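Inspection log for the structure reproduced underneath, given as structure tokens.
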Amino acid sequence: MTGPRVLLAAALLALVLAACGGSARPGPDRAAAASAPKAGGDLSRCAGVANGERLDCYAHELAAIVGEAKDPSAAVDGIVAAAYQDRGFLLANCHGLMHTVAREYAASHHVTLANLMDYLPQSNDPACAAGYAHGLVTGIAPEIERAGGAKAAAVCAAAGTRVQRYSCTHGFGHAFMRLNDDKLKPALEMCHALGAGAAPDCAQGAYHDYWFALKGLDSAPTPAKPISDPRALCATQPREFVRPCWYRAFIESVTPVKPVASAADIDALCAGLTGLQRQGCVTGAAMTGPADPRAQLAICTTVSAADMQSCIRATKVSNMLGLDPRIYPILIGDCEHFPAAQQPGCYRWLGKALAVMTDGAFGKTGCPVIPQPAARKECLQGVSEMNGALVTYS
Amino acid sequence: MTPLRRRPLTLALVVTALALLGGGEGGPAPAGARAGGDAGRCAPLAGDAARTCYRSEVGADLAALSGHRPGAGTTTFVSTADGTVAFVCDLHARIGVAIGRSEDFAQAWGPLQ
């Protein structure tokens, strides 16, 4: 057969294959499939659903998508990627949605402590993936109780990255609350038993569930004597958990808090508080600030010197996830806008937070590009602390 | 190459183009086509194949919902002041990605753009 005839034969073969559905997308008859109702989850069914029922629709469809997946962890990773690509309603609400999806999945698919790691998403995403991880751990609360509560949290050590370990520990805080009918005191005692390296991060999960309960979210039981005023709540908490208590107090508030845009706004929320209560409050208040971590830091440069480090702790470094990593040093570079006495703490905290987000990589790719030797050193010091309790990271 | 020998080659190219147009993903959807993707087809898959599949199919669902092609939308970062978004977990408003617009990031990351 001559060259052109070979080409013609190949082309005819391509035509036959195409006619038989030989494309990347399987399916015996695409036209027929297109008009048939889809089995399983289908987010497009939520089109036109009224706002009040939209979350329920998404939760239902996501649960169906993940529930029928052979590899649910990969399904969640794929959903994460799609949500970031779309940057719409799903991503904005993904964390809470996934809490519920995963909690129900764990119950219906017999997830256990022993196989928990098989189900945790591999993504470091703090929105969908973290919510799913938190929900899974919450869903195996009874198993955690049988395994001895705090002892069970050792399983988190097997998580693949620092963010995933943190997320697992946070999930235990949620689970401890569900084991204790969403009563903070016994749940925090279980968190305390994890040791200083994990207890505050577990506590953050417990307080998170407390706010869920107050708002009637994720089937969290309503407390018998709910305290919705952060000042009243955090004033009575163990010292080691004061910062975790405040951290979500404003952003999860039952009564919406106007986002801060200035030092005066932070002062207004935290007026009259002193010491650790003031510090925790300033961090919580700063958390309501701009989504852009650089804009947040800019506000922090205008607060009083005594509040600066607490404000810096609220920097939303994880907002940069998915952006070009070359950007990360730009954020930490903003520490130079603080007074000299505040800069070491700024470089240290952001070095730590960025190291957590990058599972330590920032120590090799970020800190070294900081021009000032002293600042570089502080950054690396922060990186070296990434495996300790994060307390206010998320 | 003589005109006689060119003819099968031209025909081959035309047939291949027709095959690709007819069988490719980019062709117009048939009348009555469902909107979005089909995550169900990813269900039997595992690992990276599943990740890629779910990203594509769920992405198509989301694109259908928002009326744009996946990835074609402007990256928008919501202000936490945007009360139109019903955040289940308000904390994740700060993830900063939602319905709404903010020029924050575009300005902040200017040096790399």
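In order, the protein sequences belong to chains G and B.
Quick note: the first sequence uses the numbering used here, first residue 1, plus one each step.
Quick note: the second sequence uses the numbering used here, first residue 1001, plus one each step.
Heads up, the beta-carbon is just placed ideally off N, CA and C, and yes, glycines get one too.
The structure presented is a predicted model; accordingly, all values stated were derived computationally and were not measured.
Can you find a C-beta in chain B that's less than 9 Å from the C-beta of residue i?
i, result
"LEU90 (chain G)", "yes"
"LEU194 (chain G)", "no"
"SER384 (chain G)", "no"
"GLN164 (chain G)", "no"
"ASP229 (chain G)", "no"
"PRO312 (chain G)", "What sits at residue 312 (chain G) in the sequence shown is Ile, not Pro. Judged by the 9 Å Cβ criterion, ILE312 (chain G) is not in contact with chain B."
"ILE423 (chain G)", "The shown model of chain G, from 1 to 394, leaves out residue 423 (chain G), and the question about it has no answer."
"ILE332 (chain G)", "no"
"HIS109 (chain G)", "no"
"ASP209 (chain G)", "no"
"ALA395 (chain G)", "Coverage of chain G is limited to positions 1 through 394, which leaves residue 395 (chain G) absent and any answer about it impossible."
"ALA83 (chain G)", "yes"
"ASP201 (chain G)", "no"
"ASP86 (chain G)", "yes"
"ILE144 (chain G)", "no"
"ILE65 (chain G)", "yes"
"ARG25 (chain G)", "Low confidence applies here, because ARG25 (chain G) scores a pLDDT of 27, under 50, leaving its location unreliable; read the following figure in that light. Chain B, which has a Cβ nearer than 9 Å to the Cβ of ARG25 (chain G), makes this yes."
"PRO28 (chain G)", "At PRO28 (chain G) the pLDDT is 30, less than 50, meaning the model places this residue with poor confidence and gives no usable figure here."
Please name the residue in the options whose C-alpha comes closest to that of residue i.
i, options, result
"GLU378 (chain G)", "G:MET357, G:VAL369, G:GLY366, G:TYR347", "G:TYR347"
"SER318 (chain G)", "G:THR302, G:ALA291, G:ASP334, G:MET308", "G:ALA291"
"GLY1059 (chain B)", "G:ASP42, G:ASP56, G:ALA114, G:GLY52", "G:ASP42"
"LEU354 (chain G)", "G:ARG313, G:PRO373, G:PHE338", "G:ARG313"
"ALA198 (chain G)", "G:THR169, G:GLU189, G:HIS174", "G:THR169"
"GLY195 (chain G)", "G:GLY272, G:GLN381, G:ALA150", "G:ALA150"
"ALA141 (chain G)", "G:GLU104, G:PHE362, G:GLY160", "G:GLU104"
"THR255 (chain G)", "G:THR236, G:LEU214, G:GLY345, G:ASP209", "G:LEU214"
"VAL66 (chain G)", "G:TYR132, G:SER123, G:ASP125", "G:TYR132"
"SER310 (chain G)", "G:LEU323, G:ARG278, G:ASN51, G:HIS60", "G:ARG278"
"GLY272 (chain G)", "G:ALA235, G:CYS335, G:GLN164, G:CYS57", "G:ALA235"
"VAL163 (chain G)", "G:GLY360, G:GLY216, G:GLU336, G:ALA295", "G:GLY360"
"SER167 (chain G)", "G:ARG146, G:ALA187, G:CYS128", "G:CYS128"
"SER153 (chain G)", "G:MET117, G:THR222, G:ALA306, G:HIS337", "Note that residue 153 (chain G) is Ala in the sequence shown, not Ser. Nearest of G:MET117, G:THR222, G:ALA306, G:HIS337 to ALA153 (chain G), Cα basis: G:MET117."
"LEU380 (chain G)", "G:PRO186, G:CYS367, G:THR161", "G:CYS367"
"LEU113 (chain G)", "G:ASN124, G:ALA264, G:CYS156, G:VAL80", "G:CYS156"
"VAL282 (chain G)", "G:ALA264, G:LEU62, G:LEU55, G:ALA295", "G:ALA264"
"LEU1062 (chain B)", "G:VAL303, G:ARG294, G:CYS46", "G:CYS46"
"PRO1044 (chain B)", "G:ALA389, G:LEU91, G:GLU68, G:TYR58", "G:GLU68"
"PRO293 (chain G)", "G:GLY388, G:MET308, G:THR315, G:ALA306", "G:THR315"
"LEU91 (chain G)", "G:LEU55, G:ALA375, G:GLN122, G:GLY48", "G:LEU55"
"ALA268 (chain G)", "G:LEU276, G:LYS258, G:THR222", "G:LYS258"
"LYS396 (chain G)", "G:ARG146, G:GLY160, G:ALA107, G:PRO226", "Residue 396 (chain G) lies beyond the residue range present for chain G, which begins at 1 and ends at 394; the question has no answer from this structure."
"CYS1042 (chain B)", "G:CYS57, G:TYR58, G:ALA64", "G:ALA64"
"ALA241 (chain G)", "G:ILE266, G:PRO200, G:ALA295", "Correcting the residue type first, residue 241 (chain G) is Phe in the shown sequence and not Ala. For the residues G:ILE266, G:PRO200, G:ALA295, the minimum Cα distance to PHE241 (chain G) belongs to G:PRO200."
Could you tell me whether the Cβ of residue i comes closer than 9 Å to any Cβ of chain G?
i, result
"LEU1065 (chain B)", "yes"
"PHE1087 (chain B)", "With a pLDDT of 32 at PHE1087 (chain B), under the threshold of 50, the modelled position of this residue cannot be trusted, and the question is left open."
"PHE1077 (chain B)", "Low local confidence applies: a pLDDT of 36 at PHE1077 (chain B) is under 50, so the model's placement there is unreliable, and no value is given."
Tell me, to the nearest whole angstrom, how far the beta carbon of residue i is from that of residue j; I am working on the premise that it is less than 8 Å.
i, j, result
"GLY205 (chain G)", "HIS109 (chain G)", "The pair is not a contact, with the Cβ atoms about 22 Å apart (cut-off 8 Å)."
"SER1066 (chain B)", "ASP86 (chain G)", "6 Å"
"GLY173 (chain G)", "ASP209 (chain G)", "7 Å"
"THR392 (chain G)", "ARG231 (chain G)", "Not quite, the Cβ-Cβ distance comes to about 18 Å (not below 8 Å), so this is no contact."
"PRO126 (chain G)", "LEU321 (chain G)", "7 Å"
"THR248 (chain G)", "LEU276 (chain G)", "In the sequence as displayed, the identity of residue 248 (chain G) is Arg instead of Thr. Rounded, the Cβ-Cβ distance is 17 Å, inconsistent with contact."
"LYS352 (chain G)", "GLU385 (chain G)", "5 Å"
"THR161 (chain G)", "ASN124 (chain G)", "6 Å"
Given a limit of 8 Å on CB to CB distance, which residues of the segment 352–378 of chain G reach chain B? none
Three Cβ pairs or more, each shorter than 8 Å: is that satisfied between the segment 92–112 of chain G and the segment 286–295 of chain G? no
Note down, in chain order, all residues in the segment 67–80 of chain G with a beta-carbon under 7 Å from any beta-carbon belonging to chain B. GLU68, ALA69, LYS70, ASP71, ALA74, ALA75, ASP77, GLY78, ILE79
Can you list, in chain order, the residues of the segment 41–53 of chain G whose Cβ is nearer than 9 Å to any Cβ on chain B? GLY41, ASP42, LEU43, SER44, ARG45, CYS46, ALA47, ASN51, GLY52
Pull out every residue of the segment 247–276 of chain G whose Cβ sits closer than 8 Å to any Cβ of chain B, in chain order. ARG248, ILE251, GLU252, SER253, PRO256, LYS258, PRO259
Would you be able to state if there are at least three C-beta pairs under 8 Å between the segment 71–79 of chain G and the segment 1047–1054 of chain B? yes
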